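If you count the sequence shown from 1, you need to add 5 to reach my numbering.
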Amino acid sequence: MNAISQRTVALIVDSFQIIATAVFCFLIAHITDKRNAYPHWLQPLLIGLSFFAVGTAFAYNCGYPCNPARDFGPRLFSWIVGYGGDVFS
Numbered sequence: 006m007n008a009i010s011q012r013t014v015a016l017i018v019d020s021f022q023i024i025a026t027a028v029f030c031f032l033i034a035h036i037t038d039k040r041n042a043y044p045h046w047l048q049p050l051l052i053g054l055s056f057f058a059v060g061t062a063f064a065y066n067c068g069y070p071c072n073p074a075r076d077f078g079p080r081l082f083s084w085i086v087g088y089g090g091d092v093f094s
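Shown next, in the form of structure tokens:
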């Protein structure tokens, strides 16, 4: 019997998406923190570059891990249920 089954490998690859999203959220928090004093005009560029960097770092193992289509569905459902337009901000 193999020490590592297909289910274990699939579980490890699925966790890359969680790790990539956590790294991306940490980078956004770092870039937008006022104490770090990044210029406001530079912040969108840095967020875009960090999205690209995290995506390409994990893309070989699990596709592009930060997929905006995975985020849009729950936001749309929350808006339909009645949480208002704040779910898109």
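Where a beta carbon is used, it is the ideal one built from N, C-alpha and C, also for glycine. Remember, predicted model here, so these are calculated numbers, not experimental data.
Best match in the options for proximity to residue i [C-alpha to C-alpha]
i, options, result
"Val59", "His45, Asp91 and Ile33", "Ile33"
"Cys30", "Tyr65, Gly78 and Phe56", "Phe56"
Inter-residue Cα distance where the pair is residue i and residue j
i, j, result
"Tyr43", "Thr37", "8 angstroms"
"Arg40", "Ile52", "17 angstroms"
"Val28", "Phe82", "26 angstroms"
"Gln48", "His35", "10 angstroms"
"Gln22", "Tyr65", "12 angstroms"
"Gly87", "Asp76", "17 angstroms"
"Leu54", "Trp46", "14 angstroms"
"Thr61", "Leu50", "16 angstroms"
Within 8 angstroms, strictly: CB atoms of residue i and residue j
i, j, result
"Arg80", "Phe93", "yes"
"Gly90", "Trp84", "yes"
Where residue i falls, given that 16 or more other Cβ within 10 Å makes a residue buried
i, result
"Ala25", "buried"
heavy atom of the ligand MG below 7 angstroms from residue i C-beta
i, result
"Ala27", "This structure does not include the ligand MG; it has no bound ligands of any sort."
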